[in-house]
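Q: Chains as they are written, first to last, in this note's numbering: chain A, 99 to 301; chain B, 10 to 264; chain C, 120 to 590; chain D, 2 to 241.
If you scroll down you'll find the structure; I have some questions about it.
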Amino acid sequence: MRRIMVAAFAVIAGLLVCLGLLLPSPWLGRVADLLLEGALILAAFALLLGLLNVLRSHAQKAVKGPRRGQSIVLIVALLLTLAIGLLFPQSAAQAWVFDYVYSPIQASLGALLAFVALQAAFRAFRLRTVDAAILLVSSLIMLFLQIPATAALWPRLGAVRDWMLAVPVAAGIRGLLLGIALGTMATALRVLFAVDRPYTGEE
Amino acid sequence: MTPLVPLLSGNTEPIALIVILILGALVALFTLRARGGGRMALRPLRVYQRLSELCSQATESAATVFATLGSSAPEGSGMASAQAALMLLRFVGRNIAHTGRPVRATTCDAALLPAAQGTLTQAERSDGLRHPRTGSQISFAGPEPLGMAVEAECAMADDAPLANLMVGDVGAEALLLTEMHPGVIHYAGSDDPADGALLQIAGDETVIGEDVLSGGAYLDRPMHMGSLVAQDTLRVVLMVAILVGVVAASIGLWG
Amino acid sequence: MIVCPNCQHQNHVQASHCAQCGQSLSDAVYRVCPSCGALNPIDGQFCQRCLTDLTAPAAQAQPAPAPPDMAPEPTPIESAPAEPAAQPAKPNTKKREAKRKKRRDRKERAAQRDIAPLPDPAEGRQPQSPENGLAELGGDPLAGVSDVLPLETAVALPHRGSPPAELRSGHDEQEDARLFSSLASEPAPLTAAAQQVLPPVRAELPRWLKLVLALMLLLAACIPTLSPGWLPTPTTPSAGTNAMLSALSSLGSDAQVLVAYEYGPDHAAELDPVAQRVLEQLADQGVRIHLLSTEPSGLGLAERMLHGSDSLQGGLDRGQIQVLGLLPGREIGVRTLMRSVESAFRMQTVTSETHAADLTHTPTRISGFDHVILLGDDSRAMRAWIEQAPPTLHPLAIVTAQVYPALVPYEASGQLVTLVQGPTAAIELQASTSSRITATGATDGLAALFLVVLCVAILANVLPVKPGKTR
Amino acid sequence: MLEGIQNLFAAIPATYLHAAGTWLAAILTLLVLSYIVGYMPLYRLAGHLFIGVSAGYAAGLAWHTVLWPRLVLLISGPAQHWIYAVFFALGLLLLTRGIGPLSGLADLPMALLFGVGAALALVGAAMGTLVPQVGVTIASLSPASYGGGAAGWALAIDAALLLVGTLLVFASFHHTQASEERPAPGLRLLSRAGIVGRKVLYVAIGALFSGALISFYTVLAGRIQFLISDWGAAIAGMRF
């Protein structure tokens, strides 16, 4: 019974939002807005749940385990940033933390991707299959064409780059996008028809 | 840019509504038929075939499986990839729960966390665990995917899992995991073109595009066969419509 | 675990009813292996741990390799795990479905044992003599069976069962034993099956190779900072950059522009130069700029950029540039914004008195903006904007090189009025104008990157290192 | 007390804050980049610091932009804004996830999240991708539509290639297959087309990968530039 009620709630909420987005009825639009706002509030609560989860799991690790130091650093950083965020919103202190802690670490992690991408390229570029050959040739050609100097030295290469992007690449990605849209719609319809009930943990 | 003639410009809402209604009717029809137990031959997808083997192997070797669930937000259009991630999590959770080595997972979308916890708890219950863990083996790693990669990397260093499932909204951060732990089998998949391309390069077993979203029919949800057939039907209809439209446009009948 | 005698489902030890078929497990019994003491399901032919034939007399518990002349023809071994999810057959009866499921479960269990599936007991066994008739479970399951123990006893006993009483093995059992011993003594098929179950894991790149790759990349990454600019930069911007510039310069001083910061600090190096250049140009033209972000970090970047540039700081002080704030919930936020700007940011004005976004000069509807500029590093976020916005929005998108190809179809369909790739646009802008964007040497850097990737492609095929993927 | 702390922070000269920040940022950058030489602990330490900071930062913003304003509205006018009470109650139910027997209560808020998400995904995919992208694929293949002449022919050929490529890739995601029981020639044709479509897709994947390499490289170059220029300046500016 409980499961049927939960599923009905999801289906009704989903259909109302769907109709509110598609039909030009102001009443349905208001209902949809309200439900969207509700989802927003719930997502924020989920973040709260996430915080509790982080704190709990790392508090356990901070008491015992091989990564005590890291977990302690995480908890202290989290609590400090949270305190600054809650008590001094949009303050200079928050901006300082963002500029000199948040942003450099994230940018450096992003920079590491260059190294690991090169290692991945080493594996992927081994010419063992036709696919790998296509990948290698396509990557190298596109990389070469995207160097601004090539267009400056040989202006025709700029046109080749535009053609590559506009025809073969666009064709591949458009076909992919059409498939993704179809799959997304089918997945959403399964949820709206309660064939799938991911919210109860079941299929 | 090639100056193509976009014939369907302007307001797409009515056409979208018609397409949704058609697909909805098809999904409903074929799902009801799939309930009867009919199965179709499906294009083989290695990832899903391998996943069944993975569960056997994990049971045998008593090794755990790690899941990097990514950042798909269930309350947005990430719902589809979230659903795909949960499907895999449930399949693996259900098949290896009895080994006593729980599936561990990390996510960087807070709303996906409770969904994954519920999914895993149910999966364990259906594998016969009377007191399933309440989801403490799934951790939230902040809202940033790169942070999630760090957390996943540490968990994989500690647990030495057999495999790492990265299906859903997982992007470039997957590269960090595949290169830092090459000994782990990385199952990767993303329904985003840019992310999918990276995963195709990085993962051991990769699934991209629409295939990510059709895992259920391949794994343990015969009901999904219905929506798969509906997708295929609409696909053929769209392809025929495109060809007819192109011919009409080329001979000057339309556009 | 308890294996359900009805459907073979493996239940938890404490389960009282089968989780799959619901049958009571109270009279499920184990069979204790005479050789190693492991507990096995009642109808198991061989011990799951040591593969001893459970139906053979204790004396034959350790099977000797069968004489060659006695060994039967090697049974074709099905590839253990290759149970394709897609079955070409289309059975309509539930009975066949149930049978297939049963067989699949059994195969899965065989795969779990990491051996090629042993001959299926249900298929290979002929009707047995009453003493060994374990397959027939009707009635009292223990009737006529001497070597099985009820559950409680089996669990309570030490795992070394007493050897069962001498039993006469029938012809079928002897056949099974011979088959088993031939399988066990033939390494080839077993190894082959094992290889299929355990895919070879790819090798790690050698440490020296990793260091060489890293060194090459580091050298290439130093070039933009250190190079004096060896290679020429294009004198005319590409079509996309030109379109962006002309769209921006056509905006008058009373125009309203909405700028969405949809990128994080990890891609700031790519998009900051272009974003700053665009904002400064708009500020110089006197355009009113409204900034927002659906990501927390995007907002931080926007504020850093505003405070880091004199002309932008001036615009901020004059009220010409306005930070609307965070638009939470990516798709939800965009949807709300499309309905009404005021309702999307209404909440910001409820509490914070000092930092409240002043919406008096902001258009109330999204159509009130002359231009919408998206700065993005995530193709999903960009697609959220494209998909949730009405088709009449026609935003201009400045994106990272990574997501640029993925959005090309949306530019072709007119859903994005212009699509610009961040790093090359920065170089082109720097080359075509005398702005203070420091992109000198960036084109040399990209050329160096190309050389590095070319080296990698050659090395990958020349070096005897084989760190391939598993497939 | 809060103002005291704020004043204390404001009292520190901006140059000192900047110099300290630059040093901190440089050290954190080096900690992360220490992975290159294969030393993980420092990388992990910086990573954990990042997880903590990002989670705290996002939670603070979510509180101030989503929860707190609505709470204020609810308290100030419960009769008018009663609906927020419902959503807050659902939010509290969400927090029961993970608390043993209560865990099931979180299903209700999850249902709302998934329902709303399904609606947004459905409408977005149909309106924003499927219909416009199908629409733009329907283009004339006649050279006359593109002005005729050699240029017209070239553009018509481009349009034809684009059409064929798109259809091939789209076909490569067809799931059902011909089988012995169902030897549909149409399905066989689709799977053949799909095999070619995958090759076209690999061209696109190559292009995306090259774009990703440029992206990552630019980010790395930005970090190096920070270390050489900004940190270098901070070191040079120090007076011993």
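Where is the CB? At the ideal position from N, CA and C, for every residue including glycine.
None of the values given here were measured: they were computed from a predicted structure.
(1) For A105/A and P53/B, I'd like the C-alpha separation in whole angstroms.
(2) Under a Cβ-count criterion, where at least 16 other Cβ atoms within 10 Å of its own Cβ denotes burial, should L275/A be classed as buried or exposed?
(3) Please list the terminal residues of the continuous beta strand (DSSP E) segment that includes Y380/C.
(4) What are the start and end residues of the beta strand (DSSP E) that includes V221/B?
(5) Pairs of beta-carbons, one from the region 564-581 of chain C and one from the region 219-233 of chain A, closer than 8 Å: are there three or more?
(6) G57/D: which of F143/A, L178/A and S155/A sits nearest, CA to CA?
(7) Can you have a look at A138/C and say buried or exposed, based on whether 16 or more other CB atoms are within 10 angstroms of its CB?
(8) Is the Cβ-Cβ distance between I251/B and L103/D less than 8 Å?
(9) Going by the beta-carbon positions, is the gap between L190/D and L280/A smaller than 8 Å?
(10) For the alpha helix (DSSP H) containing G61/D, list its first residue and its last residue.
(11) Using a beta-carbon distance below 8 Å, is V161/A in contact with chain C?
(12) Taking its Cβ as the centre, do 16 or more other Cβ atoms sit within 10 Å of N173/B, making it buried, or is it exposed?
(13) Could you check the C-alpha separation between D496/C and Q164/C for me, to the nearest Å?
(14) So, are the CB atoms of S462/C and T455/C less than 8 Å apart?
(15) Sort L95/D, F210/D and A11/D by Cα distance to L106/D and report the nearest one.
(16) Going by the DSSP bridge assignment, what does M175/B pair with across the sheet?
(17) Note down the Cα distance separating L95/B from A119/D, rounded to an integer number of angstroms.
(18) Starting from V572/C, find everything on chain B with Cβ-Cβ shorter than 7 Å and list it in chain order.
(19) Assess, as a yes-or-no matter, whether the region 518-526 of chain C is touched by the region 491-508 of chain C under the definition of 3 or more beta carbon pairs within less than 8 Å.
(20) Counting only beta-carbon separations shorter than 8 Å, does G92/D have a partner in chain B?
(21) State buried or exposed for G53/A, treating a residue as buried only when at least 16 other CB atoms are found within 10 Å of its CB.
(22) By Cβ distance, which residues of its chain are closer than 6 Å to V536/C, with the 5 residues on each side in sequence left out?
(23) With F242/A as the anchor, note down where its alpha helix (DSSP H) starts and where it stops.
(24) Classify D136/B as helix, strand or coil using the three-state DSSP reduction.
(25) Comparing alpha-carbon positions, which option in A226/B, G218/B and G205/B lies nearest F210/D?
(26) For S148/B, which beta-bridge partners are listed by DSSP?
(27) Do C117/B and G87/B have their C-beta atoms within less than 8 Å of each other?
(28) Using the beta-carbon of each residue, which ones in chain A are nearer than 8 Å to L34/D?
(29) Return the CA-CA distance between T40/B and A112/D, expressed in angstroms with no decimal places.
(30) With which residues is G79/B paired in a DSSP beta bridge?
(31) If you run the structure through DSSP and keep just helix, strand and coil, what is D172/C?
(32) Going along chain C in order, which residues have a C-beta closer than 9 Å to the C-beta of Q158/A?
(33) For my contact list, G444/C and T66/D are in at a C-beta cut-off of 8 Å; report their separation, rounded to the angstrom.
(34) With a 10 Å radius around its C-beta and 16 neighbouring C-beta atoms as the bar for buried, classify A125/B as buried or exposed.
(35) Taking Cβ positions, are A222/D and A387/C nearer each other than 8 Å?
(36) Answer with buried or exposed for Q81/D, where buried requires no fewer than 16 other C-beta atoms within 10 angstroms of its C-beta.
A: So, from the data block:
(1) 32 Å
(2) buried
(3) Q375 to E381
(4) Here V221/B belongs to no beta strand (DSSP E), and DSSP marks it neither H nor E.
(5) yes
(6) L178/A
(7) buried
(8) no
(9) no
(10) M41 to A63
(11) no
(12) buried
(13) 59 Å
(14) yes
(15) L95/D
(16) A197/B
(17) 15 Å
(18) Within 7 Å Cβ-Cβ: nothing; V572/C doesn't reach chain B, min ~12 Å.
(19) yes
(20) no
(21) The first residue shown for chain A is 99 and the last is 301, placing residue 53/A beyond what the model contains.
(22) H513 and L515
(23) V228 to L243
(24) coil
(25) G205/B
(26) T115/B
(27) no
(28) S206, A209 and L210
(29) 21 Å
(30) T116/B and D178/B
(31) strand
(32) In chain order: nothing, as chain C lies at least about 26 Å away.
(33) 7 Å
(34) buried
(35) no
(36) exposed
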